[in-house]
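> If you read the sequences in order, they're chains A and B.
With my numbering applied, the first sequence corresponds to residues 56 to 254, in that order.
With my numbering applied, the second sequence corresponds to residues 6 to 336, in that order.
Beta carbons: idealized from backbone N, C-alpha and C, even for Gly.
Pasting in a structure now, in structure tokens, and then I'll have a few things to ask.
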Amino acid sequence: MLFQIGMGLLALIVVGLLWAMSTYNRLVQLQNQVKNSWSQIDVQLQRRYDLIPNLIESVKGYMNFERSTLEAVIQARNQAASAREKVAENGGPTGEGSIKQLAQAETVLKGAMTNFFALAENYPQLRASENMQQLQEELTSTENKIAFARQAYNDQTMVYNTSQQQFPANFIATLFGHHPAELFAVADEASKRPVKVQF
Amino acid sequence: MAMNFWEAQQRARKRTSIYLFLFVVLTLAVSIFVEIAMRTFAEGSYDPPFPLLGSLFALVTFFVAGFQYMQFCAFGGSYVAESVGAVRVDENTNHPELRKLLNIVQEIAVASALPMPAVYVLQTPQINAFAAGLSQNDAAVTVTTGCMSLLNRDELQGVVAHEFGHIYNKDMKISMRLAAMVMGFFFILYFAMRMLQFSSYTNERPREERNNKGGNPLLIGALIMAVAGAFTWLFGSLLKAAVSREREYLADACAVQFTRDPSGIANALRKIAREQNHNEMPAEGMSISHMYFDDRGAFSSLFATHPPIDKRIAALEGRKYIPDEWNIPKP
Numbered sequence: 056m057l058f059q060i061g062m063g064l065l066a067l068i069v070v071g072l073l074w075a076m077s078t079y080n081r082l083v084q085l086q087n088q089v090k091n092s093w094s095q096i097d098v099q100l101q102r103r104y105d106l107i108p109n110l111i112e113s114v115k116g117y118m119n120f121e122r123s124t125l126e127a128v129i130q131a132r133n134q135a136a137s138a139r140e141k142v143a144e145n146g147g148p149t150g151e152g153s154i155k156q157l158a159q160a161e162t163v164l165k166g167a168m169t170n171f172f173a174l175a176e177n178y179p180q181l182r183a184s185e186n187m188q189q190l191q192e193e194l195t196s197t198e199n200k201i202a203f204a205r206q207a208y209n210d211q212t213m214v215y216n217t218s219q220q221q222f223p224a225n226f227i228a229t230l231f232g233h234h235p236a237e238l239f240a241v242a243d244e245a246s247k248r249p250v251k252v253q254f
Numbered sequence: 006m007a008m009n010f011w012e013a014q015q016r017a018r019k020r021t022s023i024y025l026f027l028f029v030v031l032t033l034a035v036s037i038f039v040e041i042a043m044r045t046f047a048e049g050s051y052d053p054p055f056p057l058l059g060s061l062f063a064l065v066t067f068f069v070a071g072f073q074y075m076q077f078c079a080f081g082g083s084y085v086a087e088s089v090g091a092v093r094v095d096e097n098t099n100h101p102e103l104r105k106l107l108n109i110v111q112e113i114a115v116a117s118a119l120p121m122p123a124v125y126v127l128q129t130p131q132i133n134a135f136a137a138g139l140s141q142n143d144a145a146v147t148v149t150t151g152c153m154s155l156l157n158r159d160e161l162q163g164v165v166a167h168e169f170g171h172i173y174n175k176d177m178k179i180s181m182r183l184a185a186m187v188m189g190f191f192f193i194l195y196f197a198m199r200m201l202q203f204s205s206y207t208n209e210r211p212r213e214e215r216n217n218k219g220g221n222p223l224l225i226g227a228l229i230m231a232v233a234g235a236f237t238w239l240f241g242s243l244l245k246a247a248v249s250r251e252r253e254y255l256a257d258a259c260a261v262q263f264t265r266d267p268s269g270i271a272n273a274l275r276k277i278a279r280e281q282n283h284n285e286m287p288a289e290g291m292s293i294s295h296m297y298f299d300d301r302g303a304f305s306s307l308f309a310t311h312p313p314i315d316k317r318i319a320a321l322e323g324r325k326y327i328p329d330e331w332n333i334p335k336p
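Here you go:
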């Protein structure tokens with residue numbers, strides 16, 4: 056009798072350990088997916104921060120007197136770039152998050168870019184320039200990639216966060232220091248869509 | 006109302022598994038049927054201790070299908086693209102149109118979290134595209150020059166996203182396996198026909214002797230196999246086409262998931278519907294017609310590899326499809 060009870064307990068413990076193992080592994084896998092999709096955003100953000108100085112350099116000759124708009128773009132770009140670095144320093148999206156700051160800086164940058172493109176419409180020579188058209192395609196594509204990467208990141212973050220909060224996986228999650236990753240949310244509805252790049 | 010792409014994907018996946026299940030049921034049921042038929046018609050001369058002919062049917066089918074599938078596997082996505090005459094796009098191209106195409110493919114690769122496939126362009130004025138390659142790491146996406154000249158950026162993005170949907174869902178693998186199975190059935194039919202031919206040459210025995218109880222087991226077996234092969238070949242082809250159509254809906258739904266924009270792909274489909282010369286895709290591409298973005302001109306809708314365009318647009322826009330003939334013009 057004692058033997059049977061002992062075996063039963065052993066079986067229970069083994070099942071429990073197996074469950075804990077698979078839950079642990081699942082959480083690690085999800086966390087890595089979130090990190091990976093964040094690095095996708097990161098690459099594209101970096102690309103955009105590299106493209107913007109190019110853009111300003113190319114339009115300077117045409118729109119010298121729109122100095123304040125151009126400066127606003129440069130400033131917003133620099134702020135967003137440093138916010139991005141801060142996220143990297145703090146251990147990415149699953150570390151002590153500063154994604155909110157980056158999202159704010161991104162919103163400001165988007166506003167500045169939208170103003171810039173609205174003004175640029177007044178310069179027909181600018182629109183006709185071949186160099187400009189190439190830059191336009193590159194920027195459009197980068198904007199799309201950022202939007203898509205954010206979509207993928209947010210989807211994956213939601214799955215990761217949900218599986219941490221679900222009962223009884225939440226015990227494993229707290230035990231091994233998982234906490235919800237931040238969504239990369241952009242402030243207002245209008246700037247959720249990629250900036251319309253048009254000269 | 007836009008389409009609910011999660012729900013649409015779920016529906017398409019469920020229907021695919023039903024069709025695949027039917028495929029297995031078809032094979033097993035016919036194997037059993039073959040055995041029963043043989044035991045009934047060749048009562049006297051056929052009585053082995055285990056179901057010989059039934060297992061023969063199943064084994065030969067699966068063996069031929071496996072062999073065929075291995076042959077399919079030998080060719081990667083790039084091989085298929087090059088075999089129809091498509092040209093690979095150089096990754097460092099400066100041509101603005103090709104640059105745009107590469108950018109779009111990169112965008113969807115980001116959206117779908119898939120590796121960047123090889124990109125090919127096929128020189129033909131029709132709007133079409135296809136994805137090839139059995140694994141996600143060995144995929145190739147081909148678009149026609151017609152796509153690049155007639156579609157705007159959003160529409161081209163929708164078409165590319167649809168092809169990524171096929172890669173994402175591993176549709177090439179599914180369709181190759183089904184094609185291999187249908188080939189297996191066809192082989193049985195072919196083999197049995199040959200057997201019949203053979204036995205009609207050799208069985209020059211007097212008529213009354215052949216018509217005695219049980220008859221010639223070889224002849225009866227071949228006849229049953231021929232009927233079974235023809236039956237499974239026909240129904241296998243029907244099921245394969247049904248799966249293919251379901252995968253098109255699924256790829257459309259995935260395109261919406263990746264781009265979050267049903268209008269791009271819907272407008273691309275509209276432009277195809279307006280094309281006059283769509284049925285004239287290059288002849289050397291016909292063997293892979295089931296892989297195209299759209300494939301019209303199939304002889305009847307039951308065997309068609311793609312659903313009707315209007316039905317796909319209706320699904321993308323979240324409407325119920327009503328055939329044109331049912332629309333009674335208002336007075």
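Quick check on B/Leu156: does DSSP put it in helix, strand or coil?
coil
> For B/Tyr125, report the span of its beta strand (DSSP E) as first-last.
Ala123 to Leu127
> Is B/Val89 helix, strand or coil by DSSP?
coil
> Looking only at C-alpha atoms, which of B/Glu322, B/Met121, B/Val148 and B/Thr310 sits nearest to B/Ile132?
When B/Glu322, B/Met121, B/Val148 and B/Thr310 are compared, the shortest CA-CA separation from B/Ile132 is found for B/Val148.
> Three or more C-beta pairs under 8 Å: does that hold for the stretch 264 to 276 of chain B against the stretch 154 to 162 of chain B?
yes
> Determine, using beta carbons only, whether B/Ile172 and B/Val146 come nearer to each other than 9 Å.
yes
> Tell me which residues of the stretch 95 to 113 of chain B have at least one Cβ-Cβ distance to chain A shorter than 8 Å, keeping chain order.
Pro101, Arg104, Lys105, Asn108, Ile109, Gln111, Glu112 and Ile113
> Tell me B/Thr147's beta-bridge partners as DSSP assigns them.
B/Tyr125 and B/Phe135
> A/Ser113 CB to nearest chain B CB: under 9 Å?
no
> So the alpha helix (DSSP H) B/Ser36 belongs to, where does it begin and stop?
Phe10 to Phe46
> CB-CB under 6 Å to B/Ala258, same chain, minus the five flanking residues each way: which ones, in chain order?
Phe10, Ala13 and Gln14
> For the alpha helix (DSSP H) containing B/Glu112, name the first residue and the last one.
Pro101 to Ser117
> How would you write the range of the alpha helix (DSSP H) that B/Val232 sits in, first residue to last?
Counting along the chain, the unbroken alpha helix (DSSP H) around B/Val232 starts and ends at Pro222 to Thr264.
> Which residues does DSSP list as the beta-bridge partners of B/Tyr297?
B/Phe135
> For the stretch 108 to 124 of chain A against the stretch 213 to 227 of chain A, are there 3 or more C-beta pairs whose distance is under 8 Å?
no
> How about B/Ile225 and B/Phe46: are their beta carbons less than 9 Å apart?
A contact, by the Cβ cut-off of 9 Å.
> A/Phe203 lies in the alpha helix (DSSP H); which residues open and close that run?
Glu185 to Gln220
> What are the residues in the stretch 177 to 194 of chain A lying within 8 Å of chain B by C-beta distance?
Gln188, Gln189, Glu192 and Glu193
> Can you give me the Cβ contacts of B/Leu4 inside the same chain, cut-off strictly under 8 Å, excluding the 5 residues immediately before and after it?
Outside the displayed range of chain B (6 to 336) lies residue 4 of chain B, so it cannot be described from this structure.
> Listing by chain order, which chain A residues have their CB less than 9 Å from the CB of B/Ala116?
Asn199, Lys200, Ala202, Phe203, Ala204, Gln206 and Ala207
> Residues of chain A with CB under 8 Å from B/Arg18, in chain order?
In chain order: nothing, as chain A lies at least about 18 Å away.
> Do you know offhand how far A/Tyr208's Cα is from A/Gln159's?
C-alpha of A/Tyr208 to C-alpha of A/Gln159: approximately 17 Å in a straight line.
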